[in-house]
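Undergrad: Under our numbering, read the sequence shown as residues 2 to 105, first letter to last. Glycine included, every Cβ here is placed at the ideal spot set by N, Cα and C. Attaching a single structure in structure tokens format; questions to follow.
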Amino acid sequence: MDIMTKTCPRCHQRRPHSAFAPSTQYPSGLAVWCRACQALDALVRYKRQRGYLGPDAWPPPPRPEPEDADEMRSVQIVMVIMLVLGFLLLVKMVVYGATLVEVS
Ligand SMILES: [Zn+2]
């Protein structure tokens, strides 16, 4: 990928550098938060100063689920199935062994 991206620490979204305002405060030359988060923060601060919002009215940042969560879940399911199958095989072997011992 040619487009340089950066993860916003507030909304946890990976965005292209163009989604971040330029800033001279940081060595990267980019603001820490993306433009959308900065705009939301400015709006919340403005409303709070005007008394429209309480001090705890900070909107919680959206936390997207990791993309590989589904994959992890299916791997866990497969592992559980294999564990159960292995256990059944063990039970079958024990039962088989017991009957063999009985027969002989
Ligand atoms: Zn953001």
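Closer than 6 Å is what we want: which residues have a beta carbon that near any heavy atom of ligand 1? List them in chain order.
TA: Cβ-based neighbours of ligand 1 within the cut-off: C9, R11, C12, Q14, W34, C35, A37 and C38.
Undergrad: For L31, which residues does DSSP report across the bridge?
TA: According to DSSP, which records beta bridges pairwise, L31 is partnered with P23.
Undergrad: Closest to P22 by CA distance: which of Q14, I4, A32 and I82 is it?
TA: It is worth fixing the name first, because residue 22 is Ala in this sequence and not Pro. Looking at the Cα atoms, A32 is the closest of the given residues.
Undergrad: Looking only at DSSP bridge pairs, what is P17 linked to?
TA: P17 is bridged to T6.
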